[in-house]
Structures are given as C-alpha cells and as structure tokens.
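Note that the protein sequences, when read in sequence, are chains A and B. Under the numbering used here, the first residue of the first sequence carries the number 2, and numbering increases by one thereafter. Under the numbering used here, the first residue of the second sequence carries the number 9, and numbering increases by one thereafter. Cβ coordinates follow ideal geometry from the N, Cα and C atoms, glycine included. To start, the structure itself, in structure tokens.
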Amino acid sequence: MSGEALVKILDGNTFVVSDSRGDIEASLTDPTGLFAFDTRFLSKWVLTVNGERLNSLSTDDLNYFESRFFLVPGTGTVYVDSKLSVIRRRAVGNGFHEELTILNHDEKPADLTVRIEADSDFADLFEVKDALKKKGRYSTRVDDGRLVLGYVRGTFNRATDISSTAPAKVDEGGLTFAVRIEPHGQWTTDLDVVTAVLGSGETHERPKFAHAHGRLNMEANLERWLRDAPTLECDWESLHTTYQRSLVDLAALRFSPPIAGGRSLPAAGLPWFMTMFGRDSIFTSLQALPFTPSLAATTLHALGEWQGTRVDDFRDEDPGRILHEMRYGELPAFEERPHSPYYGSADATPLYVVLLDEYERWTGDRKLVRELEYEARAALKWIDEYADLMGNGYISYQRRNEETGLENQCWKDSWDSISYRDGRLAGFPRATCELQGYAYDAKTRGARLAREVWKDEQLAVDLERQAAELKRRFNRDFWIAEDEYFALALDADGKQVDSLTSNIGHLLWSGIVDKSKAKAVARHLLGPRLFSGWGVRTLAEGEGRYNPIGYHVGTVWPFDTSFIAWGLRRYGFDEEAAQLAAGILAAADFFDGRLPEAFGGYERSLTRYPVQYPTACSPQAWSTGAPLLLLRTMLGLEPAGEHLVVDPALPVGIGHVALLDIPGRWGRVDAFGRGRVDVAKKQQLRPQLEAAAGPGRPRR
Amino acid sequence: MADRTAEFFDRLAGRHEPLLGNAKGTVRIELESGGKTERWLLALDNGDVTVSHRNTAADCTLRTDKASFDKIATGKMNATAAVLRGNVTVEGDWELMVLLQRVFPGPPGQRGPGRGSWNGQGET
Chain A
2 MSGEALVKIL DGNTFVVSDS RGDIEASLTD PTGLFAFDTR FLSKWVLTVN
52 GERLNSLSTD DLNYFESRFF LVPGTGTVYV DSKLSVIRRR AVGNGFHEEL
102 TILNHDEKPA DLTVRIEADS DFADLFEVKD ALKKKGRYST RVDDGRLVLG
152 YVRGTFNRAT DISSTAPAKV DEGGLTFAVR IEPHGQWTTD LDVVTAVLGS
202 GETHERPKFA HAHGRLNMEA NLERWLRDAP TLECDWESLH TTYQRSLVDL
252 AALRFSPPIA GGRSLPAAGL PWFMTMFGRD SIFTSLQALP FTPSLAATTL
302 HALGEWQGTR VDDFRDEDPG RILHEMRYGE LPAFEERPHS PYYGSADATP
352 LYVVLLDEYE RWTGDRKLVR ELEYEARAAL KWIDEYADLM GNGYISYQRR
402 NEETGLENQC WKDSWDSISY RDGRLAGFPR ATCELQGYAY DAKTRGARLA
452 REVWKDEQLA VDLERQAAEL KRRFNRDFWI AEDEYFALAL DADGKQVDSL
502 TSNIGHLLWS GIVDKSKAKA VARHLLGPRL FSGWGVRTLA EGEGRYNPIG
552 YHVGTVWPFD TSFIAWGLRR YGFDEEAAQL AAGILAAADF FDGRLPEAFG
602 GYERSLTRYP VQYPTACSPQ AWSTGAPLLL LRTMLGLEPA GEHLVVDPAL
652 PVGIGHVALL DIPGRWGRVD AFGRGRVDVA KKQQLRPQLE AAAGPGRPRR
Chain B
9 MADRTAEFFD RLAGRHEPLL GNAKGTVRIE LESGGKTERW LLALDNGDVT
59 VSHRNTAADC TLRTDKASFD KIATGKMNAT AAVLRGNVTV EGDWELMVLL
109 QRVFPGPPGQ RGPGRGSWNG QGET
C-alpha cells in the first residue's frame with residue numbers, strides 16, 4: 002500500500018477499500034479490495050493510461066457509499082504538468098459502479114491505451130486476517146464483452162462480473178480501451194463490478210449492477226436518518242461536529258443481515274466487522290436509544306431469531322444464548338470456523354434482556370416485548386442453567402470449541418486481558434465481575450417486564466429475589482476490602498483476580514454495587530491509576546500487565562468510558578460523570594469527531610493529544626455511539642413513566658447545550674442544559690473547550 | 009431403514025412449538041433423491057405446525073438432497089452452514105428459514121457446558 006491513505010466506502014455488508022488513486026492491489030494479508038458477504042470479490046483493480054499508473058491529486062468522500070478520485074498520469078514527482086485529467090467516481094451497491102472520465106486539456110488530439118487490470122482471490126475475511134490457503138478452484142472467462150471471475154468449492158460458488166459501457170477488448174487479465182480524445186474533449190465509460198453469490202443448480206444469468214436501494218434513495222435515506230434524529234444546538238463547535246459525524250457513521254454502519262428480512266442493525270466496525278455481533282450491536286443500540294431507537298428494535302428482533310436453541314460444542318451454543326458473531330464466508334460455510342453463527346459470548350445474553358427493558362422504557366413498544374417474551378425468558382434461564390459453569394451462582398466462561406472458539410468471552414476478548422496484579426493470567430473458567438453486574442441488571446429489568454408486560458407476578462418475584470441475593474453475594478465475594486474496589490474476576494478456584502480495571506465502572510452502570518461501596522469505586526475510576534485525563538484505562542497503571550498501548554491492558558476505550566459515565570450518574574456522581582464526558586469529547590476533537598476504537602492510556606498532560614491505538618478499527622460502532630451516550634449522560638436523560646426527566650450536569654467549558662426533538666413514548670421533547678460542573682479545576686481542558694465557555698450562540 | 013426426515017416432520021406435526029411462536033407463513037421443502045423429488049409443506053401459524061405433502065407455492069422454499077436433509081433432521085449437519093455453502097438453497101422469505109432452523113436438533117454426543125464439572129481443569 003506504500004503507506005497511502007485507505008479510502009473506504011460501503012453499503013450494508015458490501016464495501017470497497019482502495020488506495021487514494023482508487024486502485025486495489027491486495028496481498029493475502031492486505032485488507033484492500035471489494036468485499037461482500039465476508040468474501041473478497043476483487044483483489045486487483047488497477048488503472049493505467051498508456052501503461053502508466055496515475056497520481057492522486059485529491060479524493061472526495063462524497064458520502065459513505067460514494068467517492069471521487071481526481072488523478073493525473075505521472076510518476077509522483079513534485080511537479081505535475083499533465084495534459085490529461087482522470088476522474089473516477091465510484092459508488093457501492095451489490096458490487097460497485099465506476100464512472101471513468103478522461104479529459105484532454107491539449108490542443109492536439111490524444112490517442113490513449115486505457116487499461117483496467119482485474120483479478121480476485123475470493124479470500125474469506127478470516128483468510129485475509131490469518132493468511133490461509135484456498136481449497137477451491139478458480140476460473141476466468143471472457144463472455145460477451147465482459148470478464149467473469151469465479152471461484153467454486155463443491156456447492157460454494159462465488160463470481161465477480163465485470164463489464165463496461167464503452168467497447169473494450171477484454172482478456173483474462175482485464176479490460177483495454179483504445180481511446181482517441183479530441184482537443185479539449187473528453188471520454189467516459191461506466192464500469193460495473195457485480196458480486197454474485199450462487200447456490201447449487203442455479204444458472205448464472207448476467208447480473209445487473211444495482212444499489213441496494215438506488216442511489217437517490219440512499220441519499221434520501223441518509224437525509225431522513227439525520228432529520229429523524231434529535232437536533233443538537235451547542236456553543237462548542239467540536240461537539241456539534243462530533244455529533245454529526247456520529248450520526249452519519251452510525252448510518253454507514255447500519256447492516257441488513259442477508260438472513261434478516263431487510264431491517265438494519267448496527268454492525269461492529271469497518272473493515273473487519275461489517276456483520277452482526279451480539280455484544281457490539283447491543284451496546285451500540287443502548288448508546289443510540291435516545292437518538293435512533295429503531296436500531297434497538299432490529300437488534301432485538303434479529304438476535305432473538307438467531308438465539309441458540311440446542312447444545313453445540315463447536316459453536317459454543319446453548320439454548321437461550323445470544324450469538325456472538327455471524328459470518329457468511331467460505332470458512333464458516335465449510336465449518337472451518339464456527340461463525341454460522343458462533344455463540345461464544347458470556348455477556349450478550351444478559352445484555353439482551355437489559356436492552357429489551359431499556360428499549361421499552363424509552364419507546365413504550367410493548368408489542369415487541371410481548372413478541373420476544375419467549376426469547377427473553379430463555380435468555381434469563383440461560384444465566385442460571387447454562388452460564389454457571391462453576392456451580393457457585395456466577396456467570397463464568399470456558400470455551401468448548403478449543404480450536405477456533407474464543408478464550409475470553411467478555412468484551413475484553415484478547416488473550417492477556419484477565420490477569421492478577423502480578424501479571425499471571427487467571428485459569429478457566431473465568432467469572433469476570435461485569436458479567437455478574439449484567440446478570441443482576443437483567444434479572445432486575447426482567448422482573449419489571451414480567452410484572453408490567455407479561456403479567457407474570459411469580460416470575461417477577463423470583464427474579465427480584467435472585468437479583469437481591471446475587472447482589473449480596475457479589476458485594477461479599479468480589480470486594481477487595483483493603484483496597485476498596487471489586488476484583489476483576491473470580492478464577493477457577495473461586496479466588497479473586499485482583500487487578501484494578503475499568504470493569505468496576507460497568508458495575509455502577511448495572512447497579513449491583515452497594516451504595517456504601519460506590520464512593521470508593523468512583524474514587525478509583527477518577528483516580529490517577531485509572532483515569533488518564535481523557536478516559537478510563539482498561540487496566541490500571543501499576544498493574545503487572547499494564548501497557549498504555551496494550552489492547553485491553555491499558556488503552557482507553559471511548560465506549561467503555563461512556564458506560565462508566567452512565568454508571569457514575571446512576572450513583573449520583575454527577576461531577577465525575579461530567580469529567581469523563583469532557584475528556585472523551587475533547588479527545589474526539591483530535592479525530593475530527595470520529596473516535597477510534599481505542600487510544601493510548603498515556604497521561605493526558607504527557608502527550609497533550611490522544612495517541613491512536615495502532616490497528617484500531619474505524620469507524621467502529623460503539624465508539625461512534627460513545628458521544629451519543631455521553632450526551633444522554635451529561636443531560637441526565639432518563640425515562641420516568643410516560644415522561645422524560647432532564648437533569649443536566651454539564652462540564653463548565655461546554656456552555657449551552659440543547660437537544661431538540663428527542664423521540665420516545667412522550668412523542669418528542671427538548672432538553673436544555675448549561676455547563677456548570679467545573680471539571681477544569683481537576684483537569685486541564687483543551688483551550689477550545691475553555692474558550693467555548695461564554696454566551697450562548699444558538700445555531701438554528 | 010428409518011426415514012429420518014419423515015420422523016422429524018412427524019414429531020413437528022400437530023404440536024405447538026414455542027420456538028416458532030413468531031413464525032407465520034408456509035415453507036416448502038424439496039428433497040432430491042435418485043431423480044425424484046420429495047415434497048413437504050409446512051404451514052406455520054405462530055407456533056402451530058401443520059405438515060403435508062401438498063404441491064403448492066410457499067412463502068419460502070428450501071431445496072437440497074434427501075441425504076443432506078436426513079442429516080439436518082438428526083443434527084448431523086448444521087442447516088445454516090449448509091445454506092452458506094449452497095448445499096441448501098433458499099428462495100423467498102429468508103426469515104422463515106431462520107425461524108425454522110431453530111427446531112433442528114443439535115449434533116449428537118455433545119459435552120455441553122456441564123455445570124460445576126470443570127473445576128480445576130483451567131489452563132494458566
């Protein structure tokens with residue numbers, strides 16, 4: 002890739018990653034290409050004019066499904082003096098459509114050989130990540146002026162169909178155009194690259210390019226999406242940018258699972274995670290609930306339909322378990338990977354019930370809660386009957402698929418995330434603390450749904466009793482008295498895994514923490530070992546495995562901090578919540594409003610800017626959702642019966658904030674607030690944030 | 009030899025299946041075997057299932073060979089993976105397929121989560 006910026010456009014689960022010239026030259030381990038259904042349909046797409054590669058002058062991302070490349074021939078010297086301009090305009094649909102235009106600025110005619118080299122390795126996304134070898138057979142054929150690339154393995158059949166509007170000489174390596182352009186004239190061709198997924202016995206008719214919803218429709222759809230979301234008015238320009246960026250990225254990350262009836266839910270992230278994930282889709286739906294409640298409805302529906310119903314060791318599936326990840330590529334198809342779907346997640350199932358309840362509290366949509374009664378009950382049952390591996394009343398996890406299953410089935414899913422203070426890793430099964438919080442919350446919320454919607458008083462009483470009992474035991478077994486925080490986990494022997502981690506913040510969000518212990522927890526979260534000045538470190542400074550750029554052992558995850566801020570407000574720590582919000586939103590400013598998955602845990606006063614984690618995925622759904630949840634948290638938005646309570650606690654520098662037309666069971670209401678919480682005393686704010694304080698400047 | 013497919017549909021017929029509580033519509037299943045096609049029609053009505061061999065258009069049609077479906081009906085083949093690799097094709101309303109796959113049994117001889125039984129086996 003010669004270090005060039007990657008350009009990404011997408012529609013649903015189809016996306017294109019190219020260099021800034023619009024070219025694709027993928028190797029097995031390189032993530033460029035045209036991808037659909039977790040398969041790479043183009044690994045090579047290189048444009049030359051008279052045998053020469055082109056140079057990029059500029060690239061416009063017109064929107065998330067369309068981009069434009071302005072190019073000139075030449076080798077990339079400092080000064081370009083070309084008589085030709087080349088414009089590629091590309092849009093994603095079921096493949097992509099490219100409008101290629103060449104302008105001749107000369108007074109003489111230009112005779113050109115324009116060539117597109119094309120090829121596909123049909124790699125499964127997993128192969129791109131892990132560099133594996135193919136088992137099927139490739140084919141290339143020239144058919145009626147188009148180039149058809151194919152891959153077959155048994156009944157598994159994928160094809161890429163390439164055609165142009167201008168006449169081309171097509172060979173097995175690409176398309177060649179012999180072009181004459183008059184002085185000051187231009188030449189154009191449209192190129193269609195169509196992905197085809199064929200089942201056994203189907204005939205392959207010439208496929209047509211189509212935007213999933215038509216280009217105009219897609220534009221209208223995006224406009225409607227933005228119009229339906231609440232309007233943010235604020236003094237702080239950067240917050241406004243971040244908010245808009247979040248809404249657009251969330252629209253881009255909407256994913257209609259090929260097996261889910263055309264509705265969309267948030268996929269986890271681009272480029273590796275454009276698929277349905279239990280945990281990510283639920284967390285993002287929770288963050289976005291006050292803004293775009295339809296995402297939650299689809300997430301609940303789709304995850305409910307795919308809920309586990311049987312015991313399957315390869316997929317780590319149990320009855321009632323909510324899936325971890327669904328994939329559509331070759332390796333899951335041949336069961337070389339378990340993602341059809343894979344169920345190895347210990348948190349998605351209780352979180353499913355949490356989302357169902359939170360969704361009802363906001364929207365009043367009891368119809369969906371009744372429709373999903375069976376699924377919600379099965380999820381609650383899973384907690385007690387399948388997740389208690391140690392028989393001690395706590396959710397714990399240990400994979401049954403030891404070859405390709407996930408070791409860590411909590412959100413910190415890298416291999417070294419669950420360690421003791423001295424750096425030793427805990428044995429399996431592992432009962433991480435936040436899982437118990439989610440279970441408590443699921444039972445408490447399940448009780449409310451049972452009583453108010455399903456009219457099952459007995460279930461409500463049982464769940465409340467279980468929740469109270471769980472809370473009592475948890476505050477005894479996980480509490481490290483001498484240091485006043487909750488252990489990261491209990492190990493296989495029931496002993497405390499004693500590292501100080503951000504997980505304790507999730508406990509506040511779930512409500513499992515005894516009131517008497519909350520203050521100490523909050524003090525740790527905002528203390529020097531966990532709080533970097535931007536957000537909460539995943540693992541505290543000073544722990545054995547602490548590394549400020551370790552994926553789950555020291556970096557700051559905006560999503561993580563956003564839920565912690567919510568938890569702090571739940572326990573009345575308004576100032577602390579405002580401080581976390583101010584830190585993450587200030588960090589967002591450095592990324593033009595698009596928060597990465599994670600950034601370094603370095604002390605803010607040391608680096609002055611947030612250091613992006615090297616391979617962080619971006620945009621990533623729950624990072625995109627973080628500013629939304631922080632807005633909710635700062636404004637103190639909380640449904641209470643048929644009303645929305647607004648109880649702002651905004652950091653001083655933020656000035657005036659108004660969120661207008663918040664949708665919910667109350668119709669639409671507005672929320673207003675002004676920064677009064679002085680976080681600057683505790684932590685240096687960015688100059689912009691300080692300067693933003695002042696008289697309100699309404700934007701609308 | 010017992011007909012695994014027929015046994016599976018026999019068990020499904022006439023019972024109320026809560027896993028299909030949100031399913032409403034018809035699913036036609038065509039099974040190829042030795043040049044002949046065996047046809048099944050499922051009418052799903054919010055958990056009530058009627059099974060017949062009626063030859064009529066349906067909201068969703070699944071096609072595969074009899075040997076494969078026998079395996080699916082006994083948990084020896086995973087239906088979703090079979091769809092992904094084109095072994096089973098789906099036409100029409102995919103959501104009905106998603107709901108129907110819920111009632112296929114899991115693979116035989118599974119270890120399962122085994123409550124409390126793994127103590128001390130953890131790696132470090």
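B/C68 has B/V35 and B/G100 as its beta-bridge partners, per DSSP.
Distance between A/P267 and A/D120, taken at the CA atoms: about 31 Å.
A/P652 is bridged by DSSP to A/V678.
Chain order gives the chain B residues near A/Y329 as L92, where near means a beta carbon separation below 7 Å. Between the alpha carbons of A/S420 and A/D281 lies a distance of about 23 Å. A/N504 carries a helical assignment under DSSP once its states are collapsed to helix, strand and coil.
For A/V50, the enclosing beta strand (DSSP E) has its first and last residue at K45 to V50. The straight-line gap separating the alpha-carbon atoms of B/V57 and A/F292 is approximately 40 Å. Of all residues in the segment 450–477 of chain A, none has a C-beta nearer than 9 Å to a C-beta of chain B. For the pair A/T562 and A/Y614, the CB atoms are not nearer than the 8 Å cut-off. Residues of the segment 107–120 of chain B with a Cβ closer than 8 Å to any Cβ of chain A, in chain order: L107, R110, V111, F112, P113, G114, P115, Q118, R119 and G120. Contact check between the segment 651–661 of chain A and the segment 219–237 of chain A: three or more CB pairs, one atom from each, fall below 8 Å, which counts as touching. Remark: C-beta atoms of A/D162 and A/R147 approach each other more closely than 8 Å.
Around A/V194, the same chain offers L35, L43, G96, F97, T161 and I163 as residues with beta carbons nearer than 7 Å, after the five sequence neighbours per side are excluded. Of all alpha-carbon atoms in B/L104, B/P116 and B/L70, the one lying nearest the alpha-carbon of B/E40 is that of B/L70.
For A/W480, DSSP records a beta bridge to A/F487.
Taking the C-beta atoms as reference points, A/R159 is found no nearer than 8 Å to A/K136.
Within 10 angstroms of the beta-carbon of A/N51 lie fewer than 16 other beta-carbons, which makes it exposed. Residue environment analysis places A/G601 among the buried positions, since at least 16 neighbouring C-beta atoms fall within 10 angstroms of its C-beta. Chain order gives the chain B residues near A/D319 as G120 and P121, where near means a beta carbon separation below 9 Å.
When CB distances to chain A are screened at a threshold of 8 Å, the residues of the segment 18–36 of chain B falling below it are P26, L27, G29 and N30, in chain order.
A/Y353 places its beta carbon 8 Å or farther from that of A/D317. Per DSSP, reduced to three states, the secondary structure at A/H302 is helical. Note that the C-beta distance between A/P649 and A/L636 is below 8 Å. Closest by C-alpha distance to A/Y329, out of B/T64, B/A75, B/R110 and B/T88, is B/T88. Inter-residue distance for A/V646 and A/V554 is about 37 Å (C-alpha atoms, whole angstroms). Check the Cα spacing between B/R93 and each of A/V198, A/T177, A/D385 and A/L254: the tightest is with A/V198.
The Cβ neighbour count for B/T45, taken over all protein chains shown within 10 Å, is under 16; the residue is labelled exposed. At a cut-off of 8 Å between C-beta atoms, A/V129 does not count as an interface residue with respect to chain B.
Around the Cβ of B/N95, a 10 Å sphere holds 16 or more other Cβ atoms; the residue is buried. Distances from the CA of A/H302 to each of B/P26, B/A66, B/V35 and B/N30 were compared; the closest alpha carbon is that of B/N30.
Excluding its 5 nearest sequence neighbours in each direction, A/W412 has C-beta neighbours in its own chain below 7 Å: R280 and D348, listed in chain order.
Under a 10 Å Cβ-count criterion, A/H340 is classified as buried, with 16 or more other Cβ atoms of the shown protein chains found around its own Cβ. By the neighbour-count criterion, in which a residue is buried when 16 or more other Cβ atoms sit within 10 angstroms of its Cβ, B/A10 is exposed. Counting only runs of at least 3 residues, the segment 111–191 of chain A fully encloses the following beta strand (DSSP E) elements, listed from N- to C-terminal order: 111–120, 138–144, 147–154, 157–165, 170–172 and 175–182. Look at A/G279 here: in three-state DSSP terms it is helix.
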